[in-house]
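Engineer: Residue numbers (this note's numbering): 136 to 374.
1) Does the segment 281-292 come within contact of the segment 302-310, defined as at least 3 CB pairs closer than 8 angstroms?
2) Please state the DSSP three-state secondary structure of residue 305.
3) Can you tell me where the beta strand (DSSP E) holding residue 326 begins and where it ends?
4) For a test of the three-state rule: what should DSSP assign to residue 345, helix, strand or coil?
5) Could you please give me the residues that DSSP links to residue 287 through a beta bridge?
6) Let me know the secondary structure DSSP gives residue 183 once reduced to three states.
7) Suppose contacts are defined by Cβ-Cβ distances below 8 angstroms. Is residue 253 in contact with residue 223 by that definition?
8) For the segment 342-354 and the segment 223-239, state whether three or more C-beta atom pairs, one from each stretch, are separated by less than 8 angstroms.
9) Which partner residues does residue 264 have in the DSSP bridge list?
10) Would residue 327 pass as a contact of residue 216 if the rule is Cβ separation under 8 angstroms?
11) Whole angstroms are fine: how far does the CA of residue 293 sit from the CA of residue 204?
12) Residue 97 by DSSP, collapsed to three states: which one?
13) Skipping 5 residues on each side, what residues in its chain have a beta carbon closer than 6 angstroms to that of residue 246?
14) What whole-angstrom Cβ distance do residue 101 and residue 350 have, given they're in contact under 8 angstroms?
15) Rounding to the nearest angstrom, what Cα-Cα distance links residue 196 and residue 354 in this structure?
16) Who are the Cβ neighbours of residue 321 in its own chain at under 8 angstroms, not counting the five residues just before and after it?
17) Can you tell me whether DSSP reads residue 198 as helix, strand or coil?
18) Please check the pair residue 231 and residue 263, which I expect to be a contact at CB under 8 angstroms, by giving their CB distance rounded to whole angstroms.
19) Is DSSP giving residue 213 helix, strand or coil here?
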């Protein structure tokens, strides 16, 4: 009986995690370059006698339990033409590198601009890095960015955008990501375009409704088990 309560409670925890991922996706559906979080879960068998299971909701579980995994959907977002020479989109794989403080983060958001020190920066003011992890300086009137990432200012090559593949990808807020660099990416740079998020609001709403229904079902099951436990205690007391 208590095993049933335990299983249904882990199911509720899973649905809560799923709702958190969906809510975050909907909140960032209009964030340029955002990649949606996806969530998957299933019922794990008895863990008794098995090694530590990091994906279990309760790590010390020795009964059946749900475990879940969040991963980032890196599929291409819709490309939108802007005509702005400082806007660039990646068609295919890869991430730009940007500097925040002393750390390097990665992004698909190519809505760049130039700050008052002539550095190429994101809309949040983060400096865009070249293939040597140096900030890119734009001093001139005409900027052109080739499909290979070369940056031309008044016809002269001044830098090349860093474009890398990532492993162990994880969100770091809005359209920023962390991860382990895994070599140069093969995506093409499109000047005058930006990439929208790959969130489909209708699909997210359907997933949210389903997660809420599953949560409510697990909640009712937990309540039923609790009532049965109380009845069992009462019957034993009479005996």
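Just so it is clear, CB atoms sit at the ideal spot from N, CA and C, and this is done for glycine as well.
Just so you know, these numbers come straight off a predicted model, no measurement behind them.
Structural biologist: So, from the data block:
1) The segment 281-292 is not in contact with the segment 302-310.
2) Looking at residue 305 - three-state DSSP - the assignment turns out to be strand.
3) For residue 326, the uninterrupted beta strand (DSSP E) segment begins and ends at 323-326.
4) Residue state, collapsed to three classes: helix.
5) DSSP, once it has assigned bridges, lists 279, 292 as partnering residue 287.
6) Caution applies to residue 183, whose pLDDT of 45 falls short of 50 and renders its modelled position unreliable; the model cannot decide the point.
7) Cβ atoms of residue 253 and residue 223: not closer than 8 angstroms.
8) Verdict: no, contact absent.
9) BP columns for residue 264 point to 270.
10) Their beta carbons are under 8 angstroms apart, which means residue 327 touches residue 216 by this criterion.
11) Computed Cα separation, rounded: 43 angstroms.
12) Because the chain spans 136 through 374 in this model, residue 97 falls outside it and cannot be assessed.
13) Non-local C-beta neighbours of residue 246 in its own chain, meaning closer than 6 angstroms and more than five positions away in sequence, comprise 167, 222, 258, 329, ordered along the chain.
14) With the chain covering 136 to 374 only, the question about residue 101 has no answer from this structure.
15) At residue 196 the pLDDT is 48, less than 50, meaning the model places this residue with poor confidence and gives no usable figure here.
16) For residue 321, where only same-chain residues beyond five positions count, the Cβ hits under 8 angstroms are 227, 228, 229.
17) Here the model assigns residue 198 a pLDDT of 49, short of 50, so the residue's position is not dependable, and the following value carries that caveat. The three-state reading of DSSP puts residue 198 in coil, since its state is none of H, G, I, E or B.
18) 6 angstroms between Cβ atoms; contact.
19) In the three-state DSSP reduction, residue 213 falls in the coil class, being neither helix nor strand.
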